[in-house]
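Heads up: the sequence lines are chains A and B, in that order. Here the first sequence stands for residues 1 to 204, numbered as in the UniProt record's numbering. Here the second sequence stands for residues 1 to 204, numbered as in the UniProt record's numbering. Note sheet for the following structure.
Protein chains: 2
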Amino acid sequence: MRDRGLLIVLSGPSGVGKGTVRKALFSKEDVSLHYSISMTTRNPREGEVDGTDYFFKSREVFEQLIEEDKFIEWAEYVGNYYGTPVDYVEQCLAEGKDVFLEIEVQGAIQVKSKFPEGVFIFLMPPSLSELKNRITTRGTETEDLINNRMTVAKEEIEMMDAYDYVVENDQVDLACDRIKAIVQAEHCKRTRLREKYKQMLEAE
Amino acid sequence: MRDRGLLIVLSGPSGVGKGTVRKALFSKEDVSLHYSISMTTRNPREGEVDGTDYFFKSREVFEQLIEEDKFIEWAEYVGNYYGTPVDYVEQCLAEGKDVFLEIEVQGAIQVKSKFPEGVFIFLMPPSLSELKNRITTRGTETEDLINNRMTVAKEEIEMMDAYDYVVENDQVDLACDRIKAIVQAEHCKRTRLREKYKQMLEAE
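Structure below.
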């Protein structure tokens, strides 16, 4: 029987570049993580594909699934629902696969209450001014919305204490390297391996 | 001011290949660890160089240094003293350098009581029979000594619970990769970075 997989949760303030880092990470050949696609009621941005970037659903469908307790976590964020369907995650973990979630900060806190053994990674901007640049250059936001986002982002950064690791997103490739190292190190945690080696000692 | 460096402690049962892994690790260009050379009263093995592999000292000198409390840890093992001089380690950590110790299991437990913030890595053989092979093929031991070493090794493996990570030494290069990942991940630990980011939030 394979060991149970790791649940890796990447989160961080809006605008820090979670999606960019996640895509870069999954483009690497030596990464064997299973991406858990989130569900959302927001409209697709240009280039986003249903079933690849998100499952795009109506509010009615989403609320029905909440009723049926089919989410590990869900949140309403800037007027839209976001959530992680539970079935795929549970199945992968049981098969020994590492599951990767990229979610908003509110959602990560919910996941932690259900999966305290998960690995929680907080993606940080190099500075708050750089975060403002990134939010601004997305080019789709008004000034009021930018200021609102910055306020929310600061509140989100205050929630860093719930996380195991902080990864600076100064360069996407460096951030990916750090995340890969964290996953590899977590597989070497003594608390995860103790039982295996205890059996080895008893067997021989 | 630079952050304080990490103290990385590699240990594991006698014969598992700690010295081989350490040498391979330090031969890599992308590794910036500072190796803390141990002091010992045992005789040099073929090819071992004083001041590179160990500081080789007499029992009289070693016991004098114990009296003066000049060791982070020391132990008597199979009739010889082994110890880590304290001054070099403290200086490197204060300068923000990562210090790497490769020591026996007894010594690592002492280090943990003095440096609980250290990163403790236990090097494991793939199996006990493989460990016996490695002890035997060193070629310098009698059968009694081999059996004695195996008994000690099993007792050492029982002490794994004091460690943060377990790294399997199935292949030296893979073991090195795991250790490198652990060091990189530890630098991303939220508990080590919280203060830095708190200051960032307050400054802006």
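Think of the CB as a built atom: it goes at the ideal place given N, C-alpha and C, for glycine as much as any other residue.
- Secondary structure in the segment 14 to 92 of chain A: the alpha helix (DSSP H) runs of 4 residues or longer, each lying completely within the stretch, are 18 to 26 and 59 to 67 in chain order.
- For A/D3, the nearest beta carbon of chain B is not closer than 8 Å to its own beta carbon.
- Comparing alpha carbon positions, the residue from B/K132, B/V119 and B/L174 closest to B/E186 is B/V119.
- The C-beta of B/D98 has 16 or more other C-beta atoms within 10 Å across all chains shown, which makes the residue buried.
- Neighbours of A/Q184 in chain B, taken as residues at a C-beta separation under 7 Å, are given in chain order as R178 and A181.
- Contact between B/V111 and B/L101 holds: CB atoms are separated by about 7 Å, below the 8 Å threshold.
- Along the segment 80 to 105 of chain A, there is no position whose C-beta sits under 8 Å from a C-beta of chain B.
- A residue is called buried when at least 16 other Cβ atoms come within 10 angstroms of its Cβ; A/L174 does not meet this threshold and is exposed.
- Under the Cβ criterion (8 Å, minimum of three pairs), the segment 154 to 164 of chain A counts as touching the segment 188 to 198 of chain B.
- Following the DSSP letters along the chain, one finds B/E104 in no beta strand (DSSP E), marked with neither H nor E.
- Separation of A/R194 and B/E156 (C-alpha to C-alpha, rounded to the nearest whole angstrom) is 14 Å.
- For chain A, the residues of the segment 142 to 163 of chain B that bring a beta carbon within less than 8 Å of one of its beta carbons are K154, I157, E158, M160, D161 and Y163, in chain order.
- By the rule that beta-carbons nearer than 8 Å mark a contact, A/V78 does not touch chain B.
- In the DSSP assignment, B/E168 falls within the unbroken beta strand (DSSP E) covering Y165 to E168.
- Counting only the Cα atoms, A/D170 lies some 37 Å from B/G12.
- According to the DSSP assignment, B/M160 belongs to no beta strand (DSSP E), since it is labelled neither H nor E.
- The beta carbon of B/F71 sits closer than 7 Å to those of L65, G83, T84, P85 and V86, all from its chain and outside the five residues before and after it, given in chain order.
- At a cut-off of 8 Å between beta-carbon atoms, B/Y54 makes no contact with chain A.
- In the DSSP assignment, A/L123 falls outside any alpha helix (DSSP H) and within the unbroken beta strand (DSSP E) covering V119 to M124.
- Residue contact with chain B for A/S127: present (Cβ-Cβ distance below 8 Å to some residue of chain B).
- Spatial neighbours of B/S58 in its own chain (CB-CB distance under 7 Å, excluding positions within 5 residues in sequence) are listed in chain order as T41.
- For B/F71, the closest Cβ of chain A is not nearer than 8 Å.
- Against chain A, a Cβ distance below 9 Å from B/L123 picks out nothing, because the smallest value is about 11 Å.
- Beta-bridge pairing by DSSP links A/S11 to A/F122.
- Our two residues, A/I37 and A/P44, have alpha carbons roughly 14 Å apart in a direct line.
- The residues R2, D3, R4 and G5, in chain order, have a CB closer than 7 Å to that of A/G96 in the same chain once the five nearest residues on each side in sequence are set aside.
- Chain A has no Cβ within less than 8 Å of the Cβ of B/V111.
- B/E168 and A/E76 have their C-alpha atoms some 44 Å from each other.
- Beta bridge pairing from DSSP links A/D98 with A/L33.
- Looking from the CA of A/K23, the closest CA among A/E202, A/V172 and A/K198 belongs to A/V172.
- At a Cβ-Cβ threshold of 8 Å, B/G51 and B/W74 do not count as neighbours.
- For A/Q199, the enclosing alpha helix (DSSP H) stretches over residues R190 to A203.
- Distance between B/K114 and B/Y88, taken at the CA atoms: about 15 Å.
- Only exposed fits B/L201, as fewer than 16 other CB atoms lie within 10 angstroms of its CB.
- A direct Cα-to-Cα measurement between B/M39 and B/E67 gives close to 15 Å.
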